[in-house]
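The structure under discussion appears below in the form of structure tokens.
Number of protein chains: 2
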Amino acid sequence: MLSKASQYAIKSLLFISANQQVGVRFSVKDVAIAIDSPPAFTSKILQQLVAAKIITSVKGSGGGFEISTSKIVSTKVISIIKAIEGDHFSSGCFLGLPDCSEKNPCPVHKLYAPLREKLNQGLYNVTLDDLINNKGKQPFNLKG
Amino acid sequence: MLSKASQYAIKSLLFISANQQVGVRFSVKDVAIAIDSPPAFTSKILQQLVAAKIITSVKGSGGGFEISTSKIVSTKVISIIKAIEGDHFSSGCFLGLPDCSEKNPCPVHKLYAPLREKLNQGLYNVTLDDLINNKGKQPFNLKG
DNA sequence: AGTTAATTGGACAAAATTGTCCGATTTGAT
DNA sequence: ATCAAATCGGACAATTTTGTCCAATTAACT
Chain A
-7 MLSKASQYAI
3 KSLLFISANQ
13 QVGVRFSVKD
23 VAIAIDSPPA
33 FTSKILQQLV
43 AAKIITSVKG
53 SGGGFEISTS
63 KIVSTKVISI
73 IKAIEGDHFS
83 SGCFLGLPDC
93 SEKNPCPVHK
103 LYAPLREKLN
113 QGLYNVTLDD
123 LINNKGKQPF
133 NLKG
Chain B
-7 MLSKASQYAI
3 KSLLFISANQ
13 QVGVRFSVKD
23 VAIAIDSPPA
33 FTSKILQQLV
43 AAKIITSVKG
53 SGGGFEISTS
63 KIVSTKVISI
73 IKAIEGDHFS
83 SGCFLGLPDC
93 SEKNPCPVHK
103 LYAPLREKLN
113 QGLYNVTLDD
123 LINNKGKQPF
133 NLKG
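Protein sequences, first through last, are from chains A and B. Numbering-wise (the numbering used here), the first sequence opens with residue -7 and increments by one. Numbering-wise (the numbering used here), the second sequence opens with residue -7 and increments by one.
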């Protein structure tokens, strides 16, 4: 499964994106309360998202984090995960074999590979905007 | 993803099952070499599999681990994972939300839930025998 | 200028996972 | 009887992940 760090990253971005308005910024505290996460740890993750240029930050009083509309539209879920975990996500074999492939499959390859592939495609094709606007369907939750 | 411990467990069982013959036993060392894993850690995992009654062990000189034909046929991959990790596997939400469901979905639920469901079904329906006999298709590897 | 509210960066701490070591026990063989 | 080969159990160590704390910096406001 996804690391806690990536989960917090996605949730943070969903919260910030879903509530973004011009001139509005969110503090670490705002985010941590909204997504029910440990503030200091969340702070580190927001810093990583700034470093990855997904969000911007403003220091000082009245400062906080914000995201541009264009980033909401363009940021893919896979990019968020890779910003946190590096490039070594999800391409992995279920059994952890380093060169498992169609030609050289591990025993569960046939079962797992197609699902992994679908998930990768999903994470690649879905953006923050897709998630928060949810195609007009159900509302979603970010807490328990 | 799967824990290392579960990966070693599955690989160990695949090795033992694929090479099982009457009167043949495998030592920790045999298994660790075959699946390229740390011997002492592998030993602990084999102990867990004995406790879960998937394999049996014989102490002393000439001893080792073996698996019965009936266990090869009846042991589902999901049971192996649960023997190692406990019951809290795979039912989880992608974002880690404790009560994510159809009625109360997290933002990625629609994307992830069907895939998770398919994986669960796969792990539930596939046995050691299925994997090692591979429906006559390609051979498989357990090392790198 | 001073105060306050905020991010940033660094070091540190806790917890979980992964991995090691060794003595005790058991069994087979000489 | 002794020795060698094996599992078992417990304590321990290393690594990774998760989480905390605090001083430094920045910016707005009075």
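The C-beta atom is built at its ideal place from N, Cα and C for all residues, glycine as well. This one's a predicted model, so the numbers in the text were calculated from it and none came from an experiment.
- In the structure shown, the three-state DSSP call for B/PHE18 is strand.
- The straight-line gap separating the alpha-carbon atoms of A/VAL69 and B/GLU109 is approximately 21 Å.
- DSSP places A/LYS68 within a strand segment (E or B) once states are collapsed to three.
- Not one beta carbon of chain A lies nearer than 8 Å to the beta carbon of B/LYS36.
- In the same chain as A/CYS98, and ignoring 5 residues on each side of it, the C-beta atoms closer than 8 Å to its own belong to CYS85, PHE86, LEU87, LEU89 and CYS92, in chain order.
- In the three-state DSSP reduction, B/PHE81 falls in the coil class, being neither helix nor strand.
- When Cβ-Cβ separations below 8 Å define contact, A/GLN39 makes no contact with chain B.
- The three-state secondary structure of A/GLU94, taken from DSSP, is coil.
- Only PHE86, LEU87, GLY88, LEU89, PRO90, ASP91, CYS92, ASN96, PRO97, CYS98 and PRO99 from the region 85 to 99 of chain A bring a Cβ to less than 8 Å from some Cβ of chain B.
- Here the region 3 to 13 of chain B lies against the region 23 to 38 of chain B, with 3 or more beta-carbon pairs under 8 Å apart.
- In summary, no residue of the region 19 to 32 of chain B has a CB separated from any CB of chain A by less than 8 Å.
- Not a single CB atom of chain A sits nearer than 8 Å to the CB of B/GLN12.
- Pairing A/PRO30 with A/VAL20 gives a Cβ-Cβ distance that is not under 8 Å.
- Boundaries of the beta strand (DSSP E) around B/PHE57: 56 to 58.
- When only Cα atoms are considered, A/ILE124 and B/LEU123 end up about 41 Å apart.
- Secondary structure at A/SER29: coil, using DSSP grouped into helix, strand and coil.
- Neighbours of B/ILE2 across chain A, judged by C-beta separation under 7 Å: LEU87.
- Rounded to the nearest whole angstrom, the C-alpha separation of B/ASN126 and B/ASN117 is 14 Å.
- When DSSP states are grouped into helix, strand and coil, A/VAL23 belongs to the helix group.
- Using a Cβ-Cβ cut-off of 9 Å, B/GLY114 is close to VAL100, LEU103, TYR104 and LEU107 of chain A, given in chain order.
- Among the residues of chain B, those whose CB is under 7 Å from the CB of A/VAL118 are LEU103, following chain order.
- In this structure, B/ILE46 sits near B/LYS63, with a CB-CB distance shorter than 8 Å.
- For B/SER49, the enclosing beta strand (DSSP E) begins and ends at 48 to 50.
- Neighbours of A/LEU(-6) in chain B, taken as residues whose beta carbon is under 8 Å from its own, are PHE86, LEU87 and GLY88 in chain order.
- With fewer than 16 neighbouring CB atoms inside 10 Å of its own CB, A/GLY54 falls in the exposed class.
- The residue from A/LEU120, A/THR119 and A/HIS101 with its alpha-carbon nearest to that of B/LEU111 is A/HIS101.
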